[in-house]
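Asker:
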Amino acid sequence: MKYSFHPDAEKELNDAVDYYNDCQNGLGLEFVKEIYRTIQNILSFPDAWAPLSANTRRCLTNRFPYGVIYNAADEEIFIIAVMQLNRKPEYWKGREKRA
């Protein structure tokens, strides 16, 4: 199974990496590793997490307060958002259609 990022989700990931690196050297790398572990879990078990809407699900990371919001269809995972959990909960809703 393949995966791809919405451009805004990719920017969220990169911004979070920069933020964590500013907080502590190397923490951004730990964050990105955690995100990619979460994506691997999604790829292995795409239907394991509760739906957020008709076409989306959210998988939480273990170490950081983030969730990966995604759509699973046609043997591909489309990552809609890398969401900081304290953020406005539905800010990503307009991204459900592919960019």
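Start counting at 1 in the sequence shown, then tack on 9, and there's your number in our numbering.
Positions of the beta carbon are idealized from the N, C-alpha and C atoms, including for glycine.
Do you know offhand how far Q93's Cα is from N80's?
Answerer: Distance between the alpha carbons of Q93 and N80: 18 Å.
Asker: Jot down the residue ranges of each uninterrupted beta strand (DSSP E) in the region 30-73, minimum 3 residues, whole runs only, in chain order.
Answerer: You should have 66-69.
Asker: Could you tell me which residues DSSP pairs with I86 in its beta bridges?
Answerer: Paired residue(s): Y12 and A81.
Asker: Taking 6 Å as the limit between beta carbons, can you name the residues of its chain near Y29, skipping five residues before and five after?
Answerer: Correct list, in chain order: L36, G37 and F40.
Asker: List the residues that DSSP assigns as beta-bridge partners of Y75.
Answerer: Paired residues: Q93.
Asker: Going by alpha carbons, who is nearest to Y12 out of E21, L52 and N34?
Answerer: The candidate whose alpha carbon is nearest that of Y12 is L52.
Asker: Here's a check: name, in chain order, each residue in its chain whose Cβ is nearer than 6 Å to the Cβ of R46, leaving out the five neighbours to either side.
Answerer: Answer for R46: no residue qualifies.
Asker: Comparing C-alpha positions only, which one of W58, E43, H15 and D17 sits nearest to F73?
Answerer: Looking at the Cα atoms, E43 is the closest of the given residues.
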